[in-house]
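Okay, so the sequence shown: first residue is 704 according to our numbering, each after it adds one.
Beta carbons are placed, not taken as given, at the ideal position from N, Cα and C, and that holds for glycine.
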Amino acid sequence: MLSEAETLGKNLRQGTEGSSPLILQRRLTAWNRRRLAPAFPDPDWSDGLAAELELSVLEGEFVEQERRAVIERAAMAPHDPDSFVAWFEALKQNGPGQNDALFPWLAESAPLSAMRWFLQQEVAGEAGFDDLVALTQVKLTKTAKLELARNYWDEMGQGHAGGMHGPMLERLVVALDLEQDSHGVVWESLALGNLMVALGVNRRYAYHSIGALGVIELTAPGRAACVNRGLKRLGISGEARRYFALHATLDVKHSEAWNREVLRPLVAGEPRVAPAIAEGALLRLNAGARCFERYRRELRLGHSEQLENCA
Ligand SMILES: [Fe+2]
Ligand SMILES: [Fe+2]
């Protein structure tokens, strides 16, 4: 008889629809919460290792399944640094999920209930950019490590609690009275967060993580501008929507620095990282696109609606 983990793994491999992806992603979300939380020595620490191994296999199978969908396109990314950065930057226009109709709709027309539902999903899928950067920078080469440090320092509000990005998002959660747990969150949003943690924690995906984080910096400003505009239209205070107002502009600079100081030198030093970074970027964009599609479905929004850009 198959164990629960084996059944889930099998269902995932077969792409079974229905509740299986939700069960799997909920398990991974709960595990990620546990394994990243600061804790204490436990006399029974060895009891949990078998379960950890099962989850680790499920996580690996999840990432590998996602990789199969992007491997071909990523293999076409150029290996010389200048062309690679140009290829990467073009993802802003031609990457999966770009210019999705969801965002102009959030900016211009979404009622407060829809905006709250959307933010609830997004917050649940948010793995904490600061921690992902910190996990990813371990043992990187000097130039890349320095840029990840500068990026992390910005996440830390340059040393001021009031400017820390994580708590800034928390303030919006409080202002809109959003739920703190992930109950009622669609599996696509959970999968997005679980993907980012998997790339950040497992060093075999270190360059994938760099690609995924870099593509967030590249593509977040346009979406953040739309969400900020929508929140403003709905009468949400400047203080509560500061996270989105800030990321609409700051990430433009973060993206330029990431591409110059992280992507370029890494690809110049070792061309093999090019397809890995490219895969990471496409993995993240695909996971995001899958969320937008589900959100539009839940919010009964068509795909063809094309409104002007928010930036
Ligand atoms: Fe940030
Ligand atoms: Fe950023």
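- [ ] Quick one: using the 10 Å Cβ neighbour count with 16 as the cut-off for buried, is proline 814 buried or exposed?
- [x] exposed
TODO: For ligand 3, list every residue whose C-beta falls under 6 Å from any of its heavy atoms, going in chain order.
DONE: This structure lacks ligand 3; the ligands present are ligand 1 and ligand 2.
Open item on the list: Are there any heavy atoms of ligand 2 lying less than 8 Å away from the beta-carbon of alanine 733, as far as the coordinates show?
Closed with: no
Open item on the list: Just to confirm before moving on: does the CB-CB distance between glutamate 850 and glutamate 964 stay below 9 Å?
Closed with: yes
Task: Limits of the alpha helix (DSSP H) - the one that methionine 867 falls within - done: Per DSSP, methionine 867 belongs to no alpha helix (DSSP H) and is neither H nor E.
Task: Residue environment, tryptophan 856, which counts as buried when at least 16 other CB atoms sit within 10 Å - done: exposed
Open item on the list: Does the contact criterion of 3 or more C-beta pairs under 8 Å hold for the stretch 762 to 780 versus the stretch 984 to 998?
Closed with: yes
Task: Buried or exposed (CB count within 10 angstroms, at least 16 for buried), glycine 721 - done: Confidence at glycine 721 is low in this model, with a pLDDT of 44, below 50, so the placement of that residue should be treated as unreliable; the coordinate-derived value is given next. Its Cβ having fewer than 16 others within 10 Å, glycine 721 is exposed.
Open item on the list: Between the alpha carbons of phenylalanine 791 and cysteine 929, how many angstroms are there, rounded?
Closed with: 23 Å
Task: For phenylalanine 806, the nearest candidate out of Asn931, His950, Tyr910 (CA to CA) - done: Asn931
Open item on the list: With H, G and I counted as helix, E and B as strand and the rest as coil, what does DSSP make of methionine 871?
Closed with: helix
Task: At least three beta-carbon pairs within less than 8 Å, the stretch 828 to 835 to the stretch 911 to 927 - done: yes
- [ ] Can you grab the Cα-Cα spacing for the pair leucine 953 / alanine 778, in whole Å?
- [x] 30 Å
Task: phenylalanine 821: first and last residue of the uninterrupted alpha helix (DSSP H) it sits in - done: 815 to 827
TODO: Work out the CA separation of leucine 969 and serine 816 for me, nearest whole Å.
DONE: 44 Å
- [ ] Return the CA-CA distance between arginine 874 and alanine 740, expressed in angstroms with no decimal places.
- [x] 21 Å
Open item on the list: With a threshold of 7 Å on Cβ separation, who are the neighbours of tyrosine 998 within its own chain once the five nearest residues in sequence on each side are excluded?
Closed with: Leu805, Phe821, Gln824
Open item on the list: Need the endpoints of the alpha helix (DSSP H) that valine 841 sits in, please.
Closed with: Neither: valine 841 is in no alpha helix (DSSP H) and is coded neither H nor E.
Open item on the list: Which runs of the beta strand (DSSP E) at least 3 residues long sit entirely within the stretch 911 to 997? Give them in chain order.
Closed with: none
TODO: Take glycine 798 as the anchor and find which of Ser940, Leu934, Ala971, Ala923 has the nearest alpha-carbon.
DONE: Ala923
- [ ] Alpha carbon to alpha carbon, how far is serine 885 from glutamate 767? Give it in angstroms, no decimals.
- [x] 24 Å
TODO: Check methionine 899 in the structure and name its three-state DSSP category.
DONE: helix
TODO: Please classify aspartate 750: is it buried, with 16 or more other beta-carbons within 10 angstroms of its beta-carbon, or exposed?
DONE: exposed
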